[in-house]
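Peer 1:
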Amino acid sequence: MAAPERVTLREMLEEIESVDLELPDELVPYLENVHFYDGLPGRDKLITAQFPGYLDQPGGPNPVDAVFLKTYSLGTEKISAFILSVRVGFDGSTLPLVGEGIPEGALTFPLLRVLYISQQFDTAQTDHLNTLLAEYGLAEPVFPRPNATSDNVWEKGVTAVVTWKVDGGEMPGIAIRSDKEKKEEEPPEPDKEVALPGLPLSYGPLEIAALKRGKDKKGLRLYFTGEIRIAGSVFALDGLGLVIPLKMGMRPQPQLAGASLALRRSAPPMAIDAALRWAGGKDDEIAGGLMGLVRVTTPMVEIMGAGAFARATAGYNTVFLYLEALLAGGRSLFGPPPFTVTGLSGGFGFNSRVVPPEIHRLPDFPLIGRLNAAPALPGAPAPEPPDPMDMLDRLAGPNGWVRPEEGSYWVAVGVRFTSFRFIETQALALIEFGNRLNLMLLGRTSISLPKNTVPGAKEHARLNIDLRLAYLSDRDLLALDVAVGEGSFIFDPGCRLTGGIALYVWTGGDSAGDFVISLGGYHPQFAKPPHYPVPARLGLEWNPCGRVTVRATGYTALTPGAVMFGGALVARYEKGAVSAWFTAHLDALIQWKPFYLDLALGISIGVAATIKIPIVKIKVRVSLELGIDLQLWTPPMGGRVTLKVWFISLSFDFGSSRKGAPPVPWGDFQTQLPAPVRTKTEKGALLDVDPEETAARSAARAPLLVSPDGFVFSTESALPASQVLVNGVEYATGDLVDIRPMRRSGVTSKHLVRIQRGVGNPEDFDPKYNGWDVTVIRRGLPRSLWGSPLEDPEAGRDEPGLVPDLITGLRFEVPSPELVEGLGPVSSRSLGFDPLRNGVIPLRNADPAGPAPRDEDDTITVIAETLDAAETVAGRGAVLTALGRLGVSPGADADSPLTAYAGLATRTMTSVPMAVDAA
C-alpha cells in the first residue's frame, strides 16, 4: 500500500496509539520508505519505515529502521508497540586512552533499540509478539527479549536497549528505562550498575570491572569502570564509554567521564600515596581538567595536599590548592605550653568558592576535619584512610565543598595546637571575596580530664566543642554557632552531653535588624521564623545501667519580640515486662510591646506492666499514671488545669479565655522597628574625597560628591508601603497594610521621596524624564508584625514566617555617560614637541604683587545672577563691537546670551572661585 506523502514520526505514532511521549523537534523527521501491510486479520495495522537518523560528524547518514504495530491478535485487549533500531556501529578500539589495548571487533556496540509497548510484557509475551510479526512477513525477531537488566519484563512505556558484543558473541542487551521527566526539585537518580555475565573482562593489563548506565542533559550514558595496572601503579577508569545524544544531528560518541591514576609507594620509613584524576564528564560545571591529592607519611610528620586546575563549562579557568602538615608522636613545631602548635594548613582558590559549612556539618568539612577523614572526635584514633578518589569527590566533586565560580577567590589558613596537653584544638580562618565577602573562623576543640590521659586509660570527662564564627555577605548575616560534639560526657561515657548555642544578627536583606540568641532551641509554641537557626537542646542523658535512663534538657532564647526558657526532666526504669517513669517540665514564653506571658508546667509519675492471660493466650499492657499540668496566660489573666488519674484526664479553665496579647498602640509598636527610613548609596560613592571637603559639605548641608559613572542609591523603609510617590507623582501601589500587634487591617502607608536639583532655590527633578532607572524594592517582612490580625494566637503557629512581596522602597540608578568613539592609537610622534631655545623668564620676582585673592561665599551666586544680566550683555556686546572696529572680531556667533551657562553655574562649580577687587 502506498504511503501518504511527508509522514512524520509523530504522526506515525499517533496512527497506532496516542502515545504519551514528548519528543523534541529533532526527533520528528519525515519518514522514508514507508510501507503499510495489507491483508492483516481484523483491525491489525503493521507499518515499516526508515528515516535518516543520527548524522555522523562530518560523515553521512546513519539510517534508523522503524516498525509500528497495532494488534488485537495477542489477547482480548489492543496492543500497540513500536521499535526504532539505530545502527550505532561503535567499536571499543576507538575509546580514548585504552582503545589501543582492545583488539578491533573485540568489543562492539552495533545497535541501539528504542521500544514502546502499551502494557507490560514478559519473555513469553515478547516471543509471541515476534512470532506474530514473522507471520505478517518480518522474518527476523524484531523485539529483543527482556533480561536481567530489565527485571525480565518490558515495562509499559519507552525503554532503550543497547546491543553489544564481546569477541563476536552477542551479550544480553542493556536496558535503560526512560521515565517521565522529573520535577526540577527532585535530585537526579544515581547511575546504576548493570549486572551482566562475563564481567570482569581482562585484556592484558586492562581490566573492565563493571558496566553502568545513566542519563544526564547530554543524553543516555553507557560506560565502563575498570583499571590498568602497570609497574605497581593503578590507572583507574570511571566513566569510559558512550554518550547517546537525545537529539538528531549527532552520532553516539565515546566519552571519558572520569579517569584517575593512583600511585602507592612504601619505602620505610616513608610512604607516599598519590592520586590524579580527570575532572569533567560527570560534573556539569567542569568541561575538563585535573585534580589531585598526595600524602607523604614519615615517623615524624604527615604532609597532605589537594588541588585542581580545570576549565569550566562557562569558559573560565578555575584553580585551588590546599596543603596541611601535621607532626606525629606528640611532637610540636613551636610555642609555649598554653599554645603548642602541632600542625599547620593553608590554601587558596582562584575562580573558586568554598561552600560555608553549617555547624552540624563541621565534622564533615575537610578543610577543618582534615583531608584524609580525620577522627570524628578530636583526640580519638584516626580511622583507616579513605580511598583517594572518595577524598577528592568529597572535597571537589559535583556535591563537594570547593566548587568553581567565576569571580570568586578564597584564602584559608589553619593551625592545630594543644594547650597544657589536655586541650586540643583545630582552627581555620577562611576569607572568600569577589562575588561576595565571607569571613569565617571555624574550630573544633576537645578537653579531656584528667590531663595527660594515655590511650586506653579511663577518662572522667570529655567535652568536644565545634565553633563557627562567620560573616556571610550574601545572606547579610553575622553568626556565632557553638555545638557540643559527639562523644562528650561527664563522669562516665554513659552520661552524654548535648546542646548548641546560636547568636545570629542580620545586617541587611529581608531580615535586616533581626537577631536571635538561643541556647538549646525555642519554646514549643514559639513560631520560629524560617531563617532562625535550630541549635540542639542543652541536655544530659545518663544510662548508669541497662535498666535506668535519666534525661534532662533545657533551653533559653531571646528575640526582638520575646524571651523564652524552659526544660524537662525524664527518668525511666525498664526491666522485663515492668516499667516506671517520672517526668517534669517547665516552659515559659514572654512577649513585650505588648506584654504577654504564657507559662506551662507539669509533673507526672507512672508505672506499667505487661500481664499474660494464659486462658486466651494474649498479653495485656496495664498502666497507671498520676499527673497534673498547669498553664497560665496573661493579660487577661487565665489558665487551665489538667489532671491525669489512670486512664482518665480532666481539664478545667479559670479566669479569662486565651485571647493572646492585647492590641498595642502605635507609639509602642513604633519602638519595635529599626530606623524607619534609610537612604543608602549602593554604587558610585567617592571614597577618596578630601575629609575636609566632606566635613564642609556636611556642615553646609550641601550634596555629597559622587561619581557620574553609574551612581546608584536606594531609599528603603522598615515599614511596608501601599503607595510610593516621588515628588508627588505615584510610582507604585500595593495592597493595604496589616499590623498584627495593633490588630489593624487595611492601613494606608505612603513611601514619599523628593528629589530636587539646584542650591538656594532648588526645583523638583523628574528621574524618569531624565533617563534614570527606577525600580520598586519588594521584600518579605515578618508576619508577626505585618500579618493579618488573629483571633486565636494558636492559628498563627503554622504560618510562614514572612509576608512576601511587600513594597519597602525604591532603587534609583543614574545612567552612565555615553562614551563616544575614542581617538584611537596615538603614536609617539604625535606626542613629540619642538624644543624652544633658552630665554629669559620675565617673572623673575617671586614676591606677590597686586591685591590678594580671597574667599567670597556668594561668588558662585554672583556669577549665576550677573552672567546673563542686561548690563553684562550690553557691556560684552560693546567689547565685541570695539574688537570688530579693530579688525580682530572673533565672529558673529561668538556673542551669545550665556543663559544656559548661567543656569549651570551653581551645579558645575564644585569649589568657590577666588575673588579680587577689579582694577
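With the numbering used here, the residue at position 173 of the sequence shown is 325, and numbering never jumps.
Just so it is clear, CB atoms sit at the ideal spot from N, CA and C, and this is done for glycine as well.
#1: So, at 8 Å on beta carbons, what are the nonlocal neighbours of residue 875 in its own chain, with the 5 sequence-adjacent residues on each side left out?
#2: Using a C-beta cutoff of 9 Å, does residue 842 count as contacting chain C?
#3: Is residue 315 closer than 9 Å to residue 265 when the C-beta atoms are compared?
#4: How far does the beta strand (DSSP E) with residue 853 in it reach, from first residue to last?
#5: Say yes only if the C-beta of residue 756 is nearer than 8 Å to one or more non-hydrogen atoms of the ligand GTP, and no if none qualify.
#6: Does the separation of the CB atoms of residue 654 and residue 634 fall below 9 Å?
#7: Quickly, what does DSSP pair residue 449 with across the bridge? List them, please.
#8: May I ask you to verify whether the segment 291-306 touches the segment 270-278, counting CB pairs closer than 8 Å and requiring at least 3?
#9: So, at 7 Å on beta carbons, what are the nonlocal neighbours of residue 585 in its own chain, with the 5 sequence-adjacent residues on each side left out?
#10: Excluding five sequence neighbours on each side, which residues of the same chain lie with their C-beta closer than 8 Å to the C-beta of residue 661?
#11: In angstroms with no decimal places, state the Cα-to-Cα distance between residue 240 and residue 197.
#12: Apart from the five residues on each side of it in sequence, which residues of its chain come closer than 8 Å, Cβ to Cβ, to residue 920?
#13: So, for residue 652: in the same chain, excluding its five sequence neighbours on each side, which residues have a beta-carbon less than 6 Å away from its beta-carbon?
#14: Would you list, in sequence order, the uninterrupted beta strand (DSSP E) runs of no fewer than 3 residues that lie entirely inside the segment 208-295?
#15: Is residue 571 helix, strand or coil by DSSP?
#16: Would you give the residue range spanned by the beta strand (DSSP E) that residue 623 belongs to?
#17: Following the continuous alpha helix (DSSP H) through residue 821, name the residue where it begins and the one where it ends.
#18: Between the alpha carbons of residue 788 and residue 893, how many angstroms are there, rounded?
#19: Check whether the Cβ atoms of residue 677 and residue 618 lie closer than 9 Å to each other.
#20: Assuming residue 458 and residue 442 form a contact by the criterion Cβ under 8 Å, report the distance between their Cβ atoms to the nearest whole angstrom.
#21: Determine the burial state of residue 743: buried for a count of at least 16 other Cβ atoms within 10 Å of its Cβ, exposed for fewer.
#22: Determine the DSSP secondary structure at residue 1027, reduced to helix, strand or coil.
#23: Where does the unbroken alpha helix (DSSP H) through residue 773 begin, and where does it stop?
#24: Touching or not, the segment 999-1017 and the segment 1047-1062, by the rule of three or more beta carbon pairs under 8 Å?
#25: Short check: CB of residue 732 to CB of residue 720, under 9 Å?
#26: Between which residues of its own chain and residue 518 is the CB-CB distance below 7 Å, once the five residues before and five after are set aside?
#27: Touching or not, the segment 1039-1059 and the segment 1014-1023, by the rule of three or more beta carbon pairs under 8 Å?
#28: Would you check if the distance between the CB atom of residue 318 and the CB atom of residue 267 is smaller than 9 Å?
#29: If you follow the alpha helix (DSSP H) that residue 1021 is in, where does it begin and where does it stop?
#30: Taking 8 Å as the threshold, find out whether the segment 256-263 comes into contact with the segment 226-245 through three or more Cβ pairs.
#31: How do the segment 848-863 and the segment 769-783 stand: do at least 3 beta-carbon pairs fall below 8 Å, yes or no?
#32: Helix, strand or coil: how does DSSP classify residue 638 here?
#33: Taking its Cβ as the centre, do 16 or more other Cβ atoms sit within 10 Å of residue 716, making it buried, or is it exposed?
#34: Could you pull out every residue in the same chain whose Cβ sits closer than 7 Å to the Cβ of residue 1051, ignoring the five residues on either side in sequence?
#35: With 16 as the cutoff for other CB atoms within 10 Å, does residue 209 come out buried or exposed?
#36: So residue 980 is in the alpha helix (DSSP H); what residue range does that whole segment cover?
Peer 2: So, from the data block:
#1: 882, 884, 885, 886, 900, 901, 902, 903
#2: Among the chains of the structure shown, chain C does not appear; only one protein chain is present.
#3: yes
#4: Residue 853 -> no beta strand (DSSP E), and no H or E assigned at all.
#5: The model depicted lacks the ligand GTP and carries no ligand whatsoever.
#6: yes
#7: 423, 454
#8: yes
#9: 561
#10: 627, 628, 931
#11: 28 Å
#12: 926
#13: 635, 687, 688
#14: 216-223, 231-243, 259-269
#15: strand
#16: 613-624
#17: 818-822
#18: 16 Å
#19: no
#20: About 12 Å; that fails the 8 Å criterion.
#21: buried
#22: helix
#23: First-last for residue 773: 770-786, but that is the beta strand (DSSP E), not the alpha helix (DSSP H).
#24: yes
#25: no
#26: 546, 547, 553
#27: yes
#28: no
#29: Here residue 1021 belongs to no alpha helix (DSSP H), and DSSP marks it neither H nor E.
#30: yes
#31: no
#32: coil
#33: buried
#34: 1020
#35: Low per-residue confidence applies at residue 209: pLDDT is 39, beneath 50, and the placement is therefore not dependable, though the value from the model is reported in the following sentence. Exposed: under 16 other Cβ atoms inside 10 Å.
#36: Segment: none, residue 980 is in no alpha helix (DSSP H) and carries neither H nor E.
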